[in-house]
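Using my numbering, the first residue of the sequence shown is number 24, and each one after it goes up by one.
Beta carbons are placed, not taken as given, at the ideal position from N, Cα and C, and that holds for glycine.
Just so you know, these numbers come straight off a predicted model, no measurement behind them.
These notes are about the structure you will find just below.
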Amino acid sequence: MRRFLFLPLLLAFFSCKKDNSFPRTETITKGEKWGMQIGSTAADVYLQLQQLGQQKENLGQVEVTGQLSTLFNQPDEIGPRMALYSGISIEKQQATYPDRVIISFYGDKISNIDEGSGLTAPVTQWPQNAPEEIALRRDENLGGIYNKLQAIYTTGVLEGYAIRLGQKSLGKPFDPVMADHDQWRFVFNESVSAGVDGRYTVTLHFKNGRLERIYIEYSEFEVMN
Numbered sequence: 024m025r026r027f028l029f030l031p032l033l034l035a036f037f038s039c040k041k042d043n044s045f046p047r048t049e050t051i052t053k054g055e056k057w058g059m060q061i062g063s064t065a066a067d068v069y070l071q072l073q074q075l076g077q078q079k080e081n082l083g084q085v086e087v088t089g090q091l092s093t094l095f096n097q098p099d100e101i102g103p104r105m106a107l108y109s110g111i112s113i114e115k116q117q118a119t120y121p122d123r124v125i126i127s128f129y130g131d132k133i134s135n136i137d138e139g140s141g142l143t144a145p146v147t148q149w150p151q152n153a154p155e156e157i158a159l160r161r162d163e164n165l166g167g168i169y170n171k172l173q174a175i176y177t178t179g180v181l182e183g184y185a186i187r188l189g190q191k192s193l194g195k196p197f198d199p200v201m202a203d204h205d206q207w208r209f210v211f212n213e214s215v216s217a218g219v220d221g222r223y224t225v226t227l228h229f230k231n232g233r234l235e236r237i238y239i240e241y242s243e244f245e246v247m248n
């Protein structure tokens, strides 16, 4: 089952090579890189990213940097576009160890629901005591998630909680709100040799709605079995 992280993009199970030549960096301000054309609109860059994702096996999401840190107080501040993302996190505010619910999406369904403070545990539905007609369930189609969250909100269950969007799923259409954010980021790996992978951390910088700069950081890692 698929789960996602509400953290800056990370890749685990790697040990950095002791090599002073890494990380290597590159900045692109003219032309293109991996099909991403400098000067393209946000919508066009997203299409270019989708094409790149088809070529890179482990590239399936992009982090909309400013949006990942944005907290929404009500479901209608996000709207149905939440289904275009990898999931949502519902987090208790003003708490040292806040309760949270992480609802992960895969394809057109809810793939996992995890709940708890600190370490979360899987549950089959949330809220667990909610009426059947409004409870969110694992394997449920995403088509009704926004309306259900609205119904849950009216019960008062979400009082004191805020909603955070996850990373943008490249398998789903462009979200026009992405154009309001001037920085996107993604990561992918490529095999270099037996036991060694290269990791590309790529930041896309936009200005006035168009791609201005591509910043690439490259490192190599020993794969830990």
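With contacts defined as CB atoms closer than 8 Å, Y241 and G221 qualify as a contacting pair. Here the alpha carbon of T93 sits roughly 31 Å from the alpha carbon of Q78. Under a 10 Å Cβ-count criterion, L172 is classified as buried, with 16 or more other Cβ atoms of the shown protein chains found around its own Cβ.
Excluding the 5 residues flanking it on each side, P199 has same chain C-beta neighbours closer than 8 Å at A66, in chain order. Contact annotation: the region 198–212 does not touch the region 141–153, with fewer than three C-beta pairs closer than 8 Å. If you look at Q84, you'll find it in the beta strand (DSSP E) that goes 84–87. It is roughly 7 Å from the alpha-carbon of I133 to the alpha-carbon of N164. For E243, the three-state secondary structure derived from DSSP is strand. When secondary structure is reduced to three states using DSSP, Q60 falls in the strand class. Our two residues, L72 and L234, have alpha carbons roughly 12 Å apart in a direct line. DSSP places A144 within a strand segment (E or B) once states are collapsed to three. Within the DSSP bridge table, the entry for S92 names no partner. With fewer than 16 other Cβ atoms from the protein chains shown falling within 10 Å of its own Cβ, N96 counts as exposed. Note that the C-beta distance between L227 and Q84 is not below 8 Å.
In this structure, the alpha-carbon of I168 lies about 17 Å from that of E114. DSSP, read as helix, strand or coil, puts I168 in helix. Spanning the alpha carbons of Q90 and N231 requires a straight line of approximately 17 Å. Residue state for D67 is assigned as helix, using DSSP reduced to three classes. In this structure, the CA atom of Y184 is about 6 Å from the CA atom of Q116. The bridge partners DSSP lists for E49 are I239.
The three-state secondary structure of L75, taken from DSSP, is helix. A Cβ-Cβ separation of about 6 Å places E243 in contact with V219 under the 8 Å criterion.
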